[in-house]
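Below: one structure, written as structure tokens.
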Amino acid sequence: MLKQPVPYRRIIFICTNKKEDASKPCCGAKKSEEIAMKLKQMVRDRNLKDQIRVSKSGCMGKCEQGPNIMVYPEGIWYSNVKEEDLQFLFDELLKPLL
Ligand code: FES
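So, in structure tokens, the structure goes:
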């Protein structure tokens, strides 16, 4: 096992879990996959791939509040994220890096 510092300044986890039972709430049914793709593109467009990692995650346990996004190292949790929130969210995440 190799122990080393986290190689990114910020890691954004976005739940893209999709439940087979359509009657149960899940982030994947609320466009979280599209949100993840847009966030990844925003990071690429700003040449921040070496500083910000956008990772899809499994269920985070707050399915009814999805899409859910968790940000480290700040430990911030965003719920009910919509595509129109991404610019605000991204600006919030960029501020400490500027
Ligand atoms: S499906 Fe996203 S938190 Fe459970």
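Going left to right, the sequence shown walks through residues 3 to 100 as our numbering numbers them. No residue lacks a Cβ here, since even glycine has one placed at the ideal position from N, Cα and C.
Taking C-beta separations shorter than 7 Å and ignoring five residues to either side along the sequence, the partners of Y10 in its chain run Q53, I54 and R55, following chain order.
The criterion of a C-beta distance shorter than 8 Å is not satisfied by K20 and E85.
Secondary structure note for S34: its alpha helix (DSSP H) is the uninterrupted segment S34 to D47. Within the model, the alpha-carbon separation for D93 versus V83 is close to 14 Å. Apart from sequence neighbours up to five positions away, the residues of its chain that approach K42 with a beta-carbon distance below 7 Å are V56, ordered along the chain. Only buried fits R12, as 16 or more other CB atoms lie within 10 angstroms of its CB.
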